[in-house]
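Everything on this sheet refers to the single structure shown next.
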Amino acid sequence: MFFLNQTSRMLLAPMLVPLQDEFNLSYTDAGALLLFTSAGNAFSVFCSGFLSSRLRHRYVIPLSIGCYGLALTFLSFASSLDELRIGFTLCGMSGGMYFPSGLAALGSIADRKDWGKTISVHELAPNLAFIVAPTFAEIALQFTDWRGALQAMGGIAVTGALLFLFKGRGGNFHGEPPGKSTVPSLLKRRETWLFVLIIGVAVAMEWAPYSIMPLFLVNAEGMDRTSANALMAVTRIPTPFMALAGGWLTDRMGEERILFISFAGSVVAVMLVPAVHGQWLTMTLFMQAALPPLMFPAIFKMFANAFLPAERSLVLSMTMPLVAFLAAGGAPAMIGFCGDLGSFGAGFIILGLAGVVCLPAIRNFGRMTSQLDR
């Protein structure tokens with residue numbers, strides 16, 4: 207289900223190039239469409255705590271994927287910029303329901319001692335989607351237009367949702383409802399905000415370069431659309447293996463150490479993207495794509511140590527809206543805006559500096575979660 211969720215979401219980035227051509231969009235307009243997706247996602251994640259307190263997690267999961275399929279179909283009929291914005295927002299709202307319930311369902315069927323490995327397997331989904339989405343987009347665009355590509359993915363998502371509804375496992379319980387006593391106490395905890403900062407920048411370091419890369423490669427590097435999509439897919443081939451390695455390395459090296467190393471490497475890679483060209487750019491994109499998957503098993507193992515099982519879906523529903531809006535929407539929009547000002551490079555440098563700010567926070571969060579390990 208996570209794979210369908212992420213593939214549906216990541217398919218939107220390769221579509222920005224044909225959308226830009228058909229609707230005559232600026233870089234800012236194109237990047238801002240992802241901001242609308244993130245706004246919808248943020249709203250949905252925020253409401254997910256209320257939804258899962260009334261509907262079991264195992265039903266929220268197929269509801270999210272099925273609605274995503276319908277939203278993609280709606281988007282395929284857009285004929286104006288305003289309709290594109292509505293469609294992108296609906297896609298975000300549909301996808302946002304998944305994550306808190308998906309993580310809760312995963313926790314219900316996984317042993318605590320294997321949590322790092324479990325998260326790394328779960329993280330195969332977005333890392334495979336990074337490869338499949340641009341490949342699917344380019345193959346589909348050889349036979350149809352962007353509308354047909356979205357309709358095809360929409361049909362696949364609805365079919366997958368129906369299969370999970372009847373065959374899925376885990377999550378056969380309700381989430382913790384937001385309450386006057388639980389929410390303020392969680393918001394006052396320092397580890398909540400350290401988690402927001404670290405995962406927010408991690409998501410931005412992974413998602414923003416991917417989202418804006420088709421526009422960057424076509425408009426700044428002079429590539430054609432087919433070559434840009436092919437490069438995006440090829441440079442992400444190592445990412446599923448890195449996601450699996452992330453779980454193993456987290457269990458062997460410790461969360462804090464692997465997280466610090468992967469963040470530092472990602473900072474270097476992101477800042478190099480606008481500075482190199484040709485084969486050096488290809489090598490840099492391999493590095494930039496390979497490092498973020500190492501982060502998430504460590505982040506979520508630290509998260510699991512910091513919060514009780516009953517608190518986790520509630521913490522995610524409170525914090526991930528901000529992460530989704532700023533990291534997955536604001537960061538790509540910021541880079542697109544810099545592109546309109548004539549410097550995609552400035553956007554990548556700003557993103558890298560955000561990673562530098564996170565390095566001390568990783569040390570602090572690591573010490574706190576080691577003391578709070580439950």
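Just so we're aligned, residue 207 is where the sequence shown starts under this note's numbering, counting upward by one. Think of the CB as a built atom: it goes at the ideal place given N, C-alpha and C, for glycine as much as any other residue.
If you draw a straight line from the Cα of residue 523 to the Cα of residue 398, it comes to about 12 Å. For residue 449, same chain residues with a beta-carbon under 7 Å away, outside a window of 5 residues either side, are 326, 329, 330, 333, 499 in chain order.
In the structure shown, residue 419 falls within a helical segment according to DSSP collapsed to helix, strand and coil.
Around residue 426, the same chain offers 480, 545, 550 as residues with beta carbons nearer than 8 Å, after the five sequence neighbours per side are excluded. No Cβ-Cβ contact shorter than 8 Å links residue 229 with residue 295.
When the beta-carbon positions are compared, residue 336 and residue 416 come within less than 8 Å of each other. In the three-state reduction of the DSSP assignment, residue 376 falls in the coil class. Secondary structure at residue 427: coil, using DSSP grouped into helix, strand and coil. Membership of residue 266 in the alpha helix (DSSP H) is indicated by the continuous run 263 to 281.
Around residue 358, the same chain offers 346 as residues with beta carbons nearer than 7 Å, after the five sequence neighbours per side are excluded. In the three-state reduction of the DSSP assignment, residue 350 falls in the coil class.
The C-beta of residue 365 has fewer than 16 other C-beta atoms within 10 Å across all chains shown, which makes the residue exposed. Cβ atoms of residue 414 and residue 214 stay farther apart than 8 Å, at about 19 Å. The beta carbon of residue 543 lies closer than 8 Å to those of 233, 234, 237, 553 in the same chain, with the five residues before and after it left out.
For the set 538, 380, 222, the Cα lying nearest the Cα of residue 410 is the one of 538. Listed in chain order, the non-local C-beta contacts of residue 534 below 8 Å within the same chain comprise 240, 243, 244, 247, 409, 410, 413, 414, 417, local neighbours out to five positions each way being set aside. Distance between residue 361 and residue 275, taken at the CA atoms: about 6 Å.
Leaving aside the five residues that flank residue 504 on each side, the residues in its chain whose CB is nearer than 6 Å to its CB run, in chain order, 456, 461, 464, 465.
Here the alpha carbons of residue 269 and residue 226 stand approximately 31 Å from one another. Nearest to residue 502 by C-alpha distance, out of 454, 487, 490, is 454. Contact annotation: residue 298 and residue 250 have beta-carbon atoms nearer than 8 Å. With a 10 Å radius around the Cβ and a threshold of 16 neighbouring Cβ atoms, residue 483 comes out exposed.
At a Cβ-Cβ threshold of 8 Å, residue 377 and residue 314 count as neighbours. Within the model, the alpha-carbon separation for residue 208 versus residue 303 is close to 11 Å. Check the Cα spacing between residue 472 and each of 458, 507, 559: the tightest is with 559.
In this structure, residue 439 sits near residue 341, with a CB-CB distance shorter than 8 Å.
Going by beta carbons, residue 367 and residue 216 fall outside the 8 Å limit. Looking at the backbone, the Cα of residue 571 and that of residue 400 are separated by about 6 Å. Classified as buried, residue 255 has 16 or more neighbouring CB atoms from the shown chains inside 10 Å of its CB. A Cβ-Cβ separation of about 6 Å places residue 529 in contact with residue 402 under the 8 Å criterion. The beta carbon of residue 291 sits closer than 6 Å to those of 242, all from its chain and outside the five residues before and after it, given in chain order. Here residue 303 carries a coil assignment [DSSP, helix/strand/coil].
If you draw a 10 Å sphere on the C-beta of residue 352, you find 16 or more other C-beta atoms in it, and that means buried.
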